[in-house]
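Student: Just passing along the structure, written as structure tokens.
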Amino acid sequence: MGVRHPIIVLGSWFMIGSLYAMDSYICFILGAAVVGYCTLRGDGVGVVKHTGYVKQSFLRGVGWSNRTPLADQFVKKMMPLAKTRGVDANSVFRRAWDQFVMSMREQDLISNEEQCRLMYGDAVLGVVNQMPLFLYAGKVKTLIQRAGRVAQLAYTCGTDEDFIASAVPDVATEEAVAEIMRAVPHLLTLLCQSHSAIGYADRHIGKTIAALFQPRPDQSLRDMVGTLLTADGKSPVTALRQLAGLIARLCVEFERDGASTRLRGSPLSTLAIDLLRRAYRMWNPAVTDEQIDAAVSGTIGRNTAIVGGIAGVGDPSFAGPMLERLASMAGHSQSTSMVAGAAGMAMGTVVIPAGDGSAVSPVELNPGSTRHGHHPSVIAGSMNVALRALLPPHLHQASAFSGIADTRSVLGIIRLLQEPNEWSGRLDGDGEARVRERYEALRESARRVFYLLTMDHADGALRVPEAERRLTFFINSLYMDQLPVSESVLEMPSFNVVTPHYSEAVIYGKKDFLSVANRQGVSPMVYLKSLHAHEWANFCERLGVKNETQAWKASKDAQGSTVNGEIEVRLWASHRGQTLAKTIHGVMEYVRAIRLLATLQLEIEYAALEDARAAAAAAAGQPYSRASLVQLERDAVLAAQWFTAERFQYLVACQKYFDHGEDDVRRRADIDFLLYTHPLLSVAFYENSVSPFTAKRRLLSVLRKGRADRYRIPLPGNPIADGIGECTVSQTGCRGDSITVAGPVARSTTLCCMCVCSVHLNVFRF
Amino acid sequence: MFLPPLTALAAEGKPSNQDNAGTYVTARCVQTLDMNQDAWFEECLKLPNALKMLTVKPATGRPVAVVGLREHIFTHCLSSSAHFMSQQEYLFGTMWQRLMASPLRVRFHYGACAAAAGTRWFG
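Protein chains in written order, with the working numbering: chain C, 8 to 773; chain B, 6 to 128.
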């Protein structure tokens, strides 16, 4: 079909003709859409479309032209000084990012789990995390599979080169494993420590754990994976001897405490059996698998074989009655007793390893007070999680695993370490600050280990769309070229926000709004709860309640701090409607943001200053004692607080604030509540009252901040109900002296001229 | 000449209320927000960058007096028409305003954005 074909000619003329026939406005719209779209794309609006881009932005950036990772991009836009000073971008960005995630948690947009996944988190056991947790998702699972293969190699013909080639997929895996390997021994020790309150006494357990895991900051991946297999450079036989010895000891210890049948079939029992099996095979290479199975399952008479195995490989101090008891236990129900043995791991003296994990100092904590309740299962559950990560994969498929839901093991750790209970109370409530501090760190560590082990997707997907929108919008805007570079937040000009308010809702009330059902029996609360179901679930989680009735009555949140349930529910609902509380809460984030940026900036500047001073002193040959990092940080925080208060103010012009004092007391109380909770918020309003001095009606312009009126400026006129004179324009100068008041007369409206006189009069009369 | 008595209703409540707040504005830059608007922590982090637009005179053209920010309609989840309206607002705030500013040079601002001497508005 050639270009002169009648259909093509007609078609072209039809389009041109119809365009001509169309209204010019339509042409304009079409043209504008095309041009606008091109501008939009050029500016990079909407590059980050969904949370799948979040991972990408952290790793390599999402900009059109620049491929900078998110942390570097943040530093480039907000804090160029950090780059010139050579400060690590992650160490700056992580604090802003964590605050961001925390602010979403405070607004119940994300759950505790999502919060933990998204955050960098505090430094765990002295090591700073390089990435948010969700970027490690799935790494550990892959590694466990790899470790399984490597374990096979290591026993047969593996060399170091093979090992490294197959066991180091990427840096993230290495870091994830490093974290688990660092944390697990500490967690095990903590569990033993907590169990010491029950009255076990064995000071070797902590040393055994420490010897098994040997956490070192400089440990490479091979070392870590190898730790379990080779026990820090020793032969596999030695490692297994130690482990088998550990398990055997546990069995015996637990037997003393009475077996718990609830633990039947836990992964730990499988681990114990597997270890015994391996130990036995190593001790006696000639034995066949069938013989071992028979020995382990107790079908060979009285388990002499297995006892012999342990006697051969284990600790010499194990000889004697312990082994006999172990043999008798293994004889009747090996599964139960092994698992019971796992729970028996919770024993012994309190052992608190020092920060570097090497020194072990025993501290007795209230020995022999109570016998255990339900917690051995919790302990075993949490150990399951910890140990499962270190298991070869074929054990995962073992039937013993299927009976244990992940949640239970997980709940073991989390419940034990996260929630305050009678036991953690004993742990951290004995007044020793060092113990408590360590306990907190381990709690955080346990949470992270849990997520490292359970997460398997890395896209940062969130359940609440609003949270996703905020996340993607923030990342997108950081990559836009239009965002000017701010050299320093300290150069920011002073900044005010103004919002007018008449009589709109401030905070939704319970009896007058939220719980009032309409004709269909649906109250706004029911509506909000169904509309924001996830956010309500997050709210309940934060408050530690199950339903609305409990939430209204809550007096403590899940963390144990005191809250007022009614206020919390009302604020939750108000933040999902068009209320003043929502606006004020949002704008007050400026305070947090400016303070954080100023703190970060000042820390860098103070450090630079300190460097310069030290250099000057060194050049002059004088001694100079540097201020510590902690001291510099404290100074920066203080200075940032002053800076924020100086540069920022939020003004709400409440038209009816004074009237509410008479006709709507509750609304005024709500505004007052917001005033108390936000120190940098002030309310401007007119006060139309009777002067106590002259007994005449007067009009004042008032600025109220916190609980007190900062300014009370008398205005001219004898006001009527709504009458606020045109003379309000003259207040610009009304800061307490009558001279500047004359300024606005330049406007020279009749009324104003008149007012000026009365301003003077008022000032003197007041 | 008749002069109204001092008790006369000389101004409307709403503008004079906002004027009253203007009295207490002490900053160089002011942002005006309506009662039903919101802000978020991560957006607040970008405040110093946004203020750069007001304080730094661009290399070409006149200094900026007003910076407009796009609005996010948070009620978009309520119904399909609300969703449509929020999409429309999104296009208006991003695409349309860019077009008005850049090739057409007829950008308007909405809200209480009066520029006073020494004070830059930001709304």
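Glycine is no exception: its CB is placed at the ideal position from the N, C-alpha and C atoms.
Might you give, ordered along the chain, the residues of its own chain that have their beta carbon closer than 7 Å to the beta carbon of residue 675(C), omitting 5 neighbours on each side?
Tutor: Same-chain partners within the cutoff: 664, 667, 668.
Student: Please report the distance separating the alpha-carbon of residue 384(C) from that of residue 711(C).
Tutor: Unreliable positioning characterises residue 384(C) in this predicted model, as indicated by a pLDDT of 31, which lies under 50. A coordinate reading is not provided.
Student: Compare the C-beta of residue 731(C) with all C-beta atoms of chain B and state if any pair is closer than 8 Å.
Tutor: Legend: pLDDT at residue 731(C) = 43, less than 50; position of this residue unreliable, value from coordinates given subsequently. Judged by the 8 Å Cβ criterion, residue 731(C) is in contact with chain B.
Student: Let me know the secondary structure DSSP gives residue 99(C) once reduced to three states.
Tutor: If DSSP states are grouped into helix, strand and coil, residue 99(C) belongs with the helices.
Student: Mind checking residue 472(C): buried by the 16 CB within 10 Å criterion, or exposed?
Tutor: Exposed.
Student: At the 8 Å Cβ level, is residue 93(B) part of the contact set with chain C, yes or no?
Tutor: Closer than 8 Å: no.
Student: DSSP state of residue 774(C), grouped into three classes?
Tutor: Only positions 8 to 773 of chain C appear in this structure, which leaves residue 774(C) out of reach.
Student: For residue 595(C), which residues of its own chain have a beta-carbon under 8 Å away from its beta-carbon, when the five flanking residues on both sides are left out?
Tutor: These residues qualify, in order along the chain: 657, 685, 687, 688.
Student: For residue 51(B), is the classification buried or exposed, using 16 other Cβ atoms within 10 angstroms of its Cβ as the cut-off for buried?
Tutor: So residue 51(B) ends up on the buried side.
Student: Please classify residue 107(C) as buried or exposed, where buried requires at least 16 neighbouring CB atoms within 10 angstroms.
Tutor: Result: buried.
Student: DSSP has residue 14(C) in a bridge; who is on the other side?
Tutor: Note: residue 14(C) sits in no beta bridge, so no partner.
Student: Would you mind reading off the limits of the beta strand (DSSP E) that contains residue 589(C)?
Tutor: Unbroken run through residue 589(C) is the alpha helix (DSSP H), 587-594; no beta strand (DSSP E).
Student: Which residues share a DSSP beta bridge with residue 719(C)?
Tutor: Paired residue(s): 709(C).
Student: Does any residue of chain C have a CB that is nearer than 8 Å to the CB of residue 104(B)?
Tutor: Yes, because at least one Cβ of chain C sits closer than 8 Å to the Cβ of residue 104(B).
Student: So residue 656(C) contacts chain B; which residues on that side make the cut at Cβ distance below 9 Å?
Tutor: Here the neighbours are 29, 30, 31, 32.
Student: Among 723(C), 582(C), 660(C), which one has its Cα closest to the Cα of residue 113(C)?
Tutor: Of the listed residues, the one whose Cα sits closest to residue 113(C) is 582(C).
Student: Counting contacts by CB-CB distance shorter than 8 Å, is residue 113(B) in contact with chain C?
Tutor: No, its Cβ sits nowhere closer than 8 Å to a Cβ of chain C.
Student: Which residues bound the alpha helix (DSSP H) around residue 20(B)?
Tutor: Residue 20(B) -> alpha helix (DSSP H) spans 18-28.
Student: Please list, in chain order, the chain B residues whose beta carbon lies closer than 9 Å to that of residue 590(C).
Tutor: Simply 38, 39, 40, 41, 42, 43, 44.
Student: Who does residue 657(C) pair with in a DSSP beta bridge?
Tutor: DSSP output for residue 657(C) lists 504(C), 688(C) as bridge partner(s).
Student: Quick check on DSSP: helix, strand or coil for residue 143(C)?
Tutor: If DSSP states are grouped into helix, strand and coil, residue 143(C) belongs with the helices.
Student: Residue 695(C) CB to nearest chain B CB: under 8 Å?
Tutor: It does not: the Cβ of residue 695(C) has no partner Cβ on chain B nearer than 8 Å.
Student: Could you spell out where the beta strand (DSSP E) holding residue 36(B) opens and where it closes?
Tutor: Element bounds for residue 36(B): 34-37.
Student: So with Cβ pairs under 8 Å, would you call residue 678(C) a contact of chain B?
Tutor: No, no contact with chain B.
Student: Roughly how many angstroms separate the alpha carbons of residue 508(C) and residue 24(B), rounded to a whole number?
Tutor: Rounded to the nearest angstrom, the two C-alpha atoms are 13 Å apart.
Student: I'd like the ranges of any alpha helix (DSSP H) spanning at least 4 consecutive residues and lying wholly in the segment 572-650 of chain C.
Tutor: With a minimum length of 4 residues, the continuous alpha helix (DSSP H) runs that stay inside the segment 572-650 of chain C are 572-581, 587-594, 596-627.
Student: Where residue 39(C) and residue 95(B) are concerned, what is the direct C-alpha to C-alpha distance, given to the nearest angstrom?
Tutor: If I take the Cα positions, the gap works out to 15 Å.
Student: Given a threshold of 16 other Cβ atoms within 10 Å of its Cβ, counted over all protein chains shown, does residue 720(C) qualify as buried or as exposed?
Tutor: Answer is buried; the Cβ neighbour count reaches 16.
Student: Using DSSP with H/G/I as helix, E/B as strand and the rest coil, what is residue 32(C)?
Tutor: It is helical.
Student: For residue 67(C), which residues of its own chain have a beta-carbon under 7 Å away from its beta-carbon, when the five flanking residues on both sides are left out?
Tutor: Hits under 7 Å: 74, 76.
Student: Using three-state DSSP, classify residue 552(C) as helix, strand or coil.
Tutor: The answer is coil: DSSP assigns residue 552(C) none of H, G, I, E or B.
Student: Quick one: list the residues of chain C neighbouring residue 107(B), beta-carbon separation under 9 Å, in chain order.
Tutor: Near residue 107(B) (Cβ distances below 9 Å), the residues of chain C are 42, 46.
Student: For residue 631(C), which residues from the same chain have a beta carbon less than 6 Å from its beta carbon, with the 5 sequence-adjacent residues on both sides left out?
Tutor: Excluding residues within five positions, the ones whose Cβ falls inside 6 Å are 621, 624.
Student: Residue 642(C): which of 660(C), 614(C), 661(C) sits nearest, CA to CA?
Tutor: Checked all of 660(C), 614(C), 661(C); the closest Cα to residue 642(C) is 614(C).
Student: Shortest alpha-carbon distance to residue 78(C) belongs to which of 485(C), 52(C), 707(C)?
Tutor: Closest option to residue 78(C), Cα to Cα, is 485(C).
Student: Taking residue 539(C) as part of the alpha helix (DSSP H), name the residues at either end of that continuous run.
Tutor: It is not in any alpha helix (DSSP H) - residue 539(C) carries neither H nor E in the DSSP assignment.
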